[in-house]
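J.:
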Amino acid sequence: MTQPTDPRDRGFTLVELMATVTVLTIVLGIAISGWVQWTRANAQEGTAEQVQAALRATQQRAVTEGRSLCVMFTDADYQLFSGRCADDDRTALQEPVALDGQGTHLLDPAFTTDDDGTLPGVTFSSRGTATAGTVTVVRDDSDREIVIHVEGLTGRVSRR
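Letter 40 of the sequence shown, counting from 1, is numbered 40 in UniProt numbering, and no numbers are missing.
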């Protein structure tokens, strides 16, 4: 036979509640630290996609408009110009575009010139060809590098 229970005996003890809160705190701490790393890696991927898309769009625009277009890079942004990157009389077509990813930046943009030098910008011609080179997307808290490569003959933009 079961004994009648006193209504005051229902519920959880303080020790049970403290143990549950402790376990939840540990699990949430692990989950949040993993989430922070994931968002930073995702920001780097997003920045690489942003730069790659801008380069592809510039190549398309150069062919469509029948003129050379240049994309110049700094460590925190890029800017579109009309004309070749090697020319001093190129005209800005837009204001500098800041990179989307927080904590990400561009490292060592280097594209060949006609005299075998390098510039921090790529020129797409009206035929779709480009000045070959690479630009690397990095983030502050990681050694991972995403290299965006532009082929000279075809103007193909790819990631490595």
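The C-beta atom is built at its ideal place from N, Cα and C for all residues, glycine as well. These numbers were taken from a predicted model, which means no experiment stands behind them.
Going along the chain, which residues of its own chain have a beta-carbon closer than 7 Å to the beta-carbon of Leu119, five neighbours each way excluded?
T.: On the sequence shown, residue 119 is found 119 positions in, with the first residue counted as 1. So the list reads Cys85, Ala86, Phe111 and Thr113, once near-sequence residues are dropped.
J.: Compute the Euclidean distance between the alpha carbons of Gln44 and Gly155, then round it to the nearest angstrom.
T.: Walking along the sequence shown from the start, residue 44 turns up at place 44. Walking along the sequence shown from the start, residue 155 turns up at place 155. Those two C-alpha atoms are separated by around 23 Å.
J.: With H, G and I counted as helix, E and B as strand and the rest as coil, what does DSSP make of Ser33?
T.: Translated into the one-based positions of the sequence shown, residue 33 becomes position 33. Here Ser33 sits in helix by DSSP.
J.: Roughly how many whole angstroms lie between the Cα atoms of Ala76 and Leu28?
T.: For the purposes of this step, residue 76 is taken as the residue at position 76 of the sequence shown. For the purposes of this step, residue 28 is taken as the residue at position 28 of the sequence shown. Cα-Cα distance, rounded: 34 Å.
J.: Thinking C-alpha only, which one of Phe12, Gly117, Gln50 and Ala19 is nearest Thr131?
T.: Mapped onto the sequence shown, residue 131 falls at position 131. If we check each option's Cα against that of Thr131, Gly117 comes out closest.
J.: Which whole runs of the beta strand (DSSP E) in the stretch 18 to 95 are 3 residues long or more, in chain order?
T.: Those beta strand (DSSP E) runs which fall completely within the stretch 18 to 95 and span 3+ residues are 69 to 73 and 77 to 82.
J.: What residues match up with Thr136 in a beta bridge as DSSP calls it?
T.: By one-based count along the sequence shown, residue 136 stands at place 136. Answer is Leu107 and Val147.
J.: Within the chosen definition, does the stretch 48 to 55 reach the stretch 140 to 151 through at least 3 CB pairs nearer than 8 Å?
T.: The answer is yes - the stretch 140 to 151 touches the stretch 48 to 55, with three or more Cβ pairs under 8 Å.
J.: Buried or exposed: Ala62, going by 16 or more other Cβ atoms within 10 Å of its Cβ?
T.: As a first step, residue 62 must be located in the sequence shown, where it is residue number 62. So Ala62 counts as buried.
J.: Report yes if the CB atom of Thr91 is closer than 7 Å to the CB atom of Val71, and no otherwise.
T.: Within the sequence shown, numbered from 1, the residue matching residue 91 stands at position 91. Within the sequence shown, numbered from 1, the residue matching residue 71 stands at position 71. No; because the gap between Cβ atoms is not below 7 Å, this pair is not in contact.
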